[in-house]
Amino acid sequence: MGVPISQMWTVARYVLTQKIRGNRRYPLVLMLEPLFRCNLACAGCGKIQYPPHILKMHLTPEQCFKAAEECGAPMVSIPGGEPLLHPNIQEIVEGLVARRKYIYLCTNARLLLEKIDLFKPSKYLTFSVHMDGQREHHDFSVCREGTYDTAVAGIREAVKRGFRVTTNTTLFDGADPRSVRAFFDEMMELGVEGMMLSPGYSYDKAPDQQHFLGRAKTRKLFSTILSNREKKWRFNQSPLFLEFLMGRRSYACTPWGMPTYNIFGWQKPCYLLQDGYAETFQELLAATDWKNYGTESGNPKCANCMVHSGYEASAVDHTFSSVGGLLAAAKATLFGGNYANQAALDALSEPPPPHPAKFVQLQVSASAPRQRDEVSV
Ligand code: SF4
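Counted from 1, the sequence shown has number 528 at position 270 by our numbering; the numbering is strictly sequential.
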C-alpha cells in the first residue's frame with residue numbers, strides 16, 4: 259500500500275464532508291509554488307523560463323500559510339522551481355505541519371543531503387523526489403549528467419533517517435516501457451514509500467515541444483508499463499487515476515481539484531494553464547469560466563491533457579461518489595490488481611524507441627539564474 263492509512267482516512271473524511279455539504283467544486287491538493295527558480299533547467303519544464311527578476315522572487319511563509327488556510331485542502335504539494343532553494347523552506351514546512359497538512363515537498367534532491375538537517379521526520383512530510391527513469395533517461399530528461407546518482411544518495415539518506423520518501427515521474431513520448439519497469443524495481447529496492455506517475459504536458463514555454471504525448475499514445479504507453487504489474491510496485495496515488503492513464507476509465511477534468519498559488523496569485527484555471535490570476539481562492543472558484551476547460555470543452559490547450567493535476571482529483575471524487583468507485587478503489591488498493599494483458603506483454607517485446615542523440619539545447623538568456631550559487635535571494 260503506497261499511502262498510509264492515516265492520510266487515506268483524512269482524505270476520505272474530507273471528501274465525504276464536501277459531498278455531504280453539497281460542495282461540487284472543492285480542492286483536494288493545494289499546489290503551492292513558493293518560487294520558480296531552480297538549480298536544473300529541464301527541457302520539458304514550463305516554469306523556469308521566466309525573466310531573472312521573476313525567478314528571484316518568492317512567497318513569504320505568511321503568504322504560504324494564508325493560501326493553505328484559504329483553500330482548506332488536506333494536502334499541499336510544494337513544487338517550484340526547486341523548493342529547497344527557498345530561504346524560508348524550513349519555516350514553511352514547519353508551519354504547514356503544525357496546520358496538519360500532508361505535504362509533498364517536490365525536489366530534484368540536488369540539495370537534499372545539504373538541507374536534510376533542516377527537517378524532522380513526520381507523517382505529514384514527504385520528500386517527493388523527481389526521478390524520470392533509470393540513470394541515462396533521468397539525466398537526459400533533466401539535461402544534466404550525475405543528477406540520478408545525486409538523487410539516489412539523497413533518497414537513501416532520507417529513508418535511513420525515517421522520512422517519508424516518494425518519487426514523481428513524468429513520462430514523455432519515446433519512453434522505453436521496459437526501462438520504466440526496471441526503474442520501478444530500482445525505486446522499490448531503495449525503499450521509497452510509493453511512486454507517482456504522470457504524462458508530460460506540452461507547456462507553451464517548454465523548450466522541447468516534440469516529445470509530449472497525445473492521448474492515444476499516453477494510454478498505450480501506460481497500459482504497456484502498468485499491465486502485468488509486479489506485486490512489489492507501490493504507487494502513491496489513486497489506483498483509479500492509474501487505470502485512467504491505462505485507458506481503462508475515462509474522466510472529465512476537475513481543474514479546481516488541485517488549485518495553484520504562486521507569486522502572481524491563484525492561477526486560472528489550473529496548474530498548467532495561465533489564463534489570469536485571482537486574488538483569493540473564492541475569487542478563483544467564482545470568476546473562472548470552468549466550462550472552457552477540460553478535454554470535452556474543445557479547448558485545444560486541453561485536448562491531449564491527462565495530467566494528474568487535472569485528473570487525479572476526478573478519480574478521487576469518483577471513488578467517493580458511488581459504490582462502484584469505492585469498490586474499484588478498494589479492490590485495487592487492498593488486493594493490488596495484476597492487470598494481466600497479453601497485448602501489453604507483447605508490446606514489451608517490441609524494440610525500444612530510439613534514444614535521442616543529444617540533450618535539448620535550451621533557449622535561455624545568459625543572465626538567467628541557473629545554479630544555486632548564481633542566485634541572489
Ligand atoms: S485538461 Fe489539463 S490543461 Fe485543461 S484545465 Fe484540465 S488540467 Fe488544465
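Built from N, CA and C at the ideal position, the CB exists for glycine as well.
6 Å CB neighbourhood of residue i in its chain, flanking five on each side removed
i	result
GLN348	LEU376
LEU369	LEU342
VAL622	No answer about VAL622 holds up, because its pLDDT of 30 lies below 50 and its placement is not dependable.
PHE480	LEU503, MET504
ILE350	PRO319, CYS322
ASP407	none
MET266	none
DSSP state of residue i mapped onto helix, strand, coil
i	result
GLY583	helix
ILE521	coil
PHE493	strand
GLY515	helix
ALA345	The question names Ala, but residue 345 is Pro in the sequence shown. PRO345 falls in the coil class under three-state DSSP.
ASN426	strand
VAL287	strand
SER485	coil
PRO457	strand
SER386	strand
LEU448	helix
THR318	coil
ILE361	strand
ALA536	strand
SER298	For the record, residue 298 in the displayed sequence is Leu; it is not Ser. Looking at LEU298 - three-state DSSP - the assignment turns out to be coil, as it is neither helix nor strand.
ILE306	coil
GLU592	Rather than Glu, the amino acid found at residue 592 in this sequence is Leu. The answer is helix: DSSP assigns LEU592 an H, G or I state.
MET266	helix
SER399	helix
LEU606	helix
LEU543	helix
VAL410	helix
GLN276	helix
SER567	helix
ALA626	Residue confidence is low: ALA626 scores 33 on pLDDT, short of 50, so the model does not pin down where it sits. No coordinate-derived value is stated.
GLU340	coil
SER335	strand
LEU530	coil
LEU369	coil
Spatial neighbours of residue i in its chain, beta-carbon cut-off 8 Å, leaving aside the 5 residues before and after
i	result
LEU543	ARG283, TRP514
CYS329	PRO285, LEU288, PRO517, TYR519, PHE539
GLY353	PRO319, CYS322, PHE323
LEU274	PHE578
LYS277	PHE578, SER579
TRP548	ARG283, PRO513, TRP514, PRO527
Sequence-distant residues of the same chain with beta carbon closer than 7 Å to residue i, five excluded per side
i	result
LEU286	ALA331, MET333, GLY515, MET516, ALA571, VAL574
HIS395	SER437
GLU554	ALA510
ALA411	LEU371
LEU531	LYS559
ARG439	ILE483
ALA409	ASN366, ALA367, VAL387, MET389
PRO497	ALA587, ALA590, THR591
PRO262	LYS381
Contact test: residue i Cβ vs the ligand ADP heavy atom, cutoff 7 Å
i	result
GLN276	Ligands present in the displayed structure are limited to the ligand SF4, and the ligand ADP is not among them.
Checklist entry - Who's in the neighbourhood of the ligand SF4, going by beta-carbon under 6 Å from any heavy atom, listed in chain order? => result Taking each Cβ in turn, the ones that pass are CYS511, PRO513, PRO527, CYS528, LEU530, LEU531, TYR551, GLY552, THR553, LYS559, CYS560, CYS563, VAL565, SER567, GLY568.
Next on the checklist: I'd like to know if the region 576-585 and the region 532-546 are in contact, where contact means that at least 3 CB-CB pairs between them fall below 8 Å.
Outcome noted: Segments in contact, no.
Checklist entry - Per the contact definition of three or more C-beta pairs closer than 8 Å, is the region 337-351 in contact with the region 473-482? => result The region 473-482 and the region 337-351 do not touch, with fewer than 3 CB-CB distances between them shorter than 8 Å.
Item to check | Segment contact, 8 Å Cβ cut-off, at least three pairs: the region 382-392 with the region 424-435 | outcome: The region 382-392, when compared against the region 424-435, does touch it at the 8 Å Cβ threshold.
Item to check | At least 3 beta-carbon pairs within less than 8 Å: the region 545-559 vs the region 478-490 | outcome: These segments do not touch.
Checklist entry - Is there contact between the region 389-407 and the region 350-359, where contact requires at least three CB pairs shorter than 8 Å? => result The count of Cβ pairs closer than 8 Å, one atom from the region 389-407 and one from the region 350-359, stays below three, leaving the stretches out of contact.
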